[in-house]
Structures are given as structure tokens and as C-alpha cells.
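A short worksheet on the structure shown next.
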Amino acid sequence: FLDDVPANKIVDFEAAMLSYIRAEQSEFLSQVNETGDFNDEIAATMKKTLETFKSNNTW
845 FLDDVPANKI VDFEAAMLSY IRAEQSEFLS QVNETGDFND EIAATMKKTL
895 ETFKSNNTW
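Plus 844 on top of the position in the sequence shown (first one is 1) and you've got the numbering used here.
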């Protein structure tokens, strides 16, 4: 997911992504934090979330 993010922008990308997930996907984040699970459903949600973030945000 980070292949197209310049190395000098990784920290900015991470901060913006975490802010986005906390604001837009708080229920998903809570689910992951509470259960610690990682399954196909969570992977698909994470992939979709990252794709949406990358297409709509600047970092």
C-alpha cells in the first residue's frame, strides 16, 4: 500500500491515515483494537479504507 508513497512522506502519510481512520472508521478501529483479530473481512475493510484514504487525501 505504500509503494507509491515517497520515503520522505511516510511519516506524514501515517499521521494523516491514522487521523482519517480515527475520524471516519472509528467503529472498525475499535473492533480491531478490542478483538485483536485479523481475518479476511478485516483485511478487506482495511484495504478499502486505505484505498479510499489514498484517493481522497493529500499527505
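Idealized CB from N, CA, C, for every residue including glycine.
Being a predicted model, the structure only gives us computed values, none of them experimental.
Taking S870 as the centre and dropping the five residues before and after it, the same chain places no C-beta closer than 8 Å to its C-beta. Residue burial annotation: F882 is exposed, with fewer than 16 other C-beta atoms found within 10 angstroms of its C-beta. Straight across, the Cα-Cα distance linking T879 with T893 is about 19 Å. Taken through DSSP and simplified to helix, strand or coil, D881 comes out as coil. Counted as a single uninterrupted DSSP element, the alpha helix (DSSP H) harbouring V855 occupies residues 854-868.
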